[in-house]
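Here the sequence shown stands for residues 81 to 218, numbered as in this note's numbering.
A short worksheet on the structure shown next.
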Amino acid sequence: MMQMQFGSVAGMVLPGGDALPTAGEKEFVQFLRANRVRVTPNRLTVFRAMQKSAKPLTVSDLASRVEESGLNTATLYRIMETLTDLKVVHPVLQDHQNVAYELREPYARHHDHLVWRECGKTVDLDDCRLEETLKSIS
């Protein structure tokens, strides 16, 4: 019988003795618990991959980043649906057809998106004055 090595992450025991969590991971774990959602190694793996990315990730992107964990595509879609429902991530339409996901505040900095109508290219807008301007003219 194989024995597993365990490590503690934000009060949770995980296989593999993972490194200590970041502040964002601690907040994420607390948020899941507060919303009565199970804290699982799979959800933490996806959250970590999302945190490390500088751009929105499609499920296919995520699959390649977490390949070693053995997560299959169906599991990734279920996790992304749960995280979207909880407003931890939000979908970003890319190229008029592909849905990618990125972390929302407080897990990532706030920014807006500009989407070109003709090609569907999406870029980040870091200038928060856009929201103020839109509110003032509406």
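Beta carbons are placed, not taken as given, at the ideal position from N, Cα and C, and that holds for glycine.
Predicted, not measured: the structure shown is a model, and the values here were computed from it.
Beta-carbon contacts of T162 that lie in its chain and below 8 Å, excluding the five residues immediately before and after: V117, R123
R184 and H170 - do their beta-carbons sit closer together than 8 Å? The beta carbons of H170 and R184 sit closer together than 8 Å.
Work out the CA separation of L156 and D165 for me, nearest whole Å. Spanning the two alpha carbons is a distance of roughly 14 Å.
Suppose you measure from the CA of A154 to the CA of E198; what does that come to, to the nearest Å? 32 Å
Exposure of A114, with buried meaning 16 or more beta-carbon neighbours within 10 Å: exposed
Would you mind working out which of D175, K215, E107, K106 sits nearest V138, comparing C-alpha positions? Checking the sequence, you will find Thr at residue 138 rather than Val. T138 has its Cα closest to that of D175, out of D175, K215, E107, K106.
Let me check understanding here. Comparing Cα to Cα, which of Q131, V179, E105 lies closest to V119? E105
Are the Cβ atoms of A129 and L142 separated by less than 8 Å? yes
Exposed or buried, what is P136 when buried is set at 16 or more other beta-carbons lying within 10 Å of its beta-carbon? buried
Short check: CB of Q80 to CB of Y187, under 8 Å? Coverage of the chain is limited to positions 81 through 218, which leaves residue 80 absent and any answer about it impossible.
In the DSSP assignment, find the beta strand (DSSP E) that holds Q171 and state where it starts and stops. The residue you asked about is not Gln; residue 171 is Pro in the sequence shown. Taken as a continuous stretch (DSSP letters only), the beta strand (DSSP E) holding P171 covers 169-174.
Quick check on this structure: which residue in V172, T125, Y181, A180 has the alpha carbon closest to the alpha carbon of S149? T125
Applying the 10 Å Cβ sphere with the 16-neighbour rule, what's the burial state of V168? buried
If distances are taken between C-alpha atoms only, which option among S140, P121, F127, F108 comes closest to A180? S140
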